[in-house]
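Novice:
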Amino acid sequence: MSLMTHEIWRGTYTLKKVLGVQYDEDEEETDTNILYYKRMKKISLLTLVLSFCLSTTMLAQKANQYKDSYNFKRAMELLNSEDGDKNEAMSFLQKEVAEHPKNGYAYYWIGSLYEDNGQPVDALEPTNKAVALLQKDKEWITYAYRRRARIYQSL
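See the structure below:
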C-alpha cells in the first residue's frame with residue numbers, strides 16, 4: 000500500500016469511526032473507502048465555497064443598504080440635479096452619517112462638498128473616514144484615496 004493511499008485510507012477509517020459508521024477492524028484499502036474519502040473532501044470544499052459566497056453577498060447587501068437609505072438617496076438626487084441645493088444635500092448627508100455612522104459613501108460626499116467649496120481643512124476629516132470605511136469596496140476606495148491626495152495637495 001503506497002503512503003498516500005494509506006493516508007487516504009487512514010483518514011477515511013478515522014472519519015468513519017468519529018461519525019459512528021460501521022467499520023471492520025481489519026478493514027483494508029478498498030475502492031469504497033477511497034470514494035468515501037473523496038466524497039467527504041468534495042462536501043468540505045463545497046461548504047467552504049458556499050460560506051465564502053454568502054459572506055460576500057452579505058457585504059454587498061450592507062453596501063447597498065447605505066446607498067438605499069432615504070437621506071443618502073435624497074442627497075444624491077440634489078447633487079445630481081442641475082438646480083440642486085448643495086447646502087440641502089449637505090444637510091441630508093449629515094443626517095445620514097448621524098443615522099448610519101459607518102456609511103463611508105456619505106463621508107466621501109461630505110468631503111467632496113467641502114472640497115468643492117474651497118474648504119480643504121474641513122474636507123480632510125470626512126475623507127479620512129471614507130477611506131477607513133470603504134476598504135472593502137475596491138472602486139470607491141480608489142475615489143476616496145484620490146480625493147484625499149487632492150486635499151493634501153491643496154493644503
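Counted the way numbering that gives the first Met the number 0 counts, the sequence shown spans residues 0 to 154. Even glycine gets a Cβ: it sits at the ideal position worked out from N, Cα and C.
#1: Classify Ile156: buried if its beta carbon has 16 or more other beta carbons within 10 angstroms, exposed otherwise.
#2: With C-beta atoms as the reference, is Lys94 less than 8 Å away from Asn127?
#3: Just to confirm before moving on: does the CB-CB distance between Ala74 and Tyr106 stay below 8 Å?
#4: When the Cα of Trp139 is compared with those of Glu76, Lys40 and Asn102, which residue comes out closest?
#5: Could you give the DSSP three-state label for Asn66: helix, strand or coil?
#6: With a CB to CB cut of under 6 Å and the five nearest residues on each side skipped, what residues in its chain are close to Leu154?
#7: Please report the residue range of the alpha helix (DSSP H) in which Ser80 lies.
#8: Tell me which same chain residues have a C-beta within less than 8 Å of the C-beta of Gln60, skipping the five on either side of it?
#9: Let me make sure I understand the geometry here. Which of Lys135, Tyr144 and Gln134 has the alpha-carbon closest to that of Ala122?
#10: So Gly110 is in the alpha helix (DSSP H); what residue range does that whole segment cover?
#11: With a 10 Å radius around its C-beta and 16 neighbouring C-beta atoms as the bar for buried, classify Arg149 as buried or exposed.
Specialist: The relevant details are as follows:
#1: Absent from the model: residue 156. The displayed extent of the chain is 0 to 154, so no value can be given.
#2: Here residue 94 corresponds to residue number 95 of the sequence shown, with the count starting at 1. Here residue 127 corresponds to residue number 128 of the sequence shown, with the count starting at 1. Asn127 is positioned such that its CB atom lies no closer than 8 Å to that of Lys94.
#3: As a first step, residue 74 must be located in the sequence shown, where it is residue number 75. As a first step, residue 106 must be located in the sequence shown, where it is residue number 107. No, Cβ-Cβ distance for Ala74 and Tyr106 is not below 8 Å.
#4: Numbered from 1 along the sequence shown, position 140 holds the residue referred to as residue 139. The shortest Cα separation from Trp139 among Glu76, Lys40 and Asn102 belongs to Asn102.
#5: Within the sequence shown, the letter at position 67 stands for residue 66. A quick correction: the sequence has Lys, not Asn, at residue 66. Here Lys66 sits in helix by DSSP.
#6: Working through the sequence shown from its first residue, we reach residue 154 at position 155. Same-chain partners within the cutoff: Pro119.
#7: By one-based count along the sequence shown, residue 80 stands at place 81. Here Ser80 belongs to no alpha helix (DSSP H), and DSSP marks it neither H nor E.
#8: Taking the first residue of the sequence shown as position 1, residue 60 is located at position 61. Model confidence at Gln60 stands at a pLDDT of 41, short of 50, so the residue's coordinates are unreliable; what they give is reported in the following sentence. So no residue of the chain qualifies.
#9: As a working note, residue 122 is residue 123 in the sequence shown. That would be Tyr144, whose Cα lies nearest to the Cα of Ala122.
#10: Within the sequence shown, numbered from 1, the residue matching residue 110 stands at position 111. Run containing Gly110: Gly103 to Asp115, per the alpha helix (DSSP H) assignment.
#11: Counting from 1 along the sequence shown, the entry for residue 149 is found at position 150. Counting of Cβ neighbours within 10 angstroms places Arg149 among the exposed residues, the total staying below 16.
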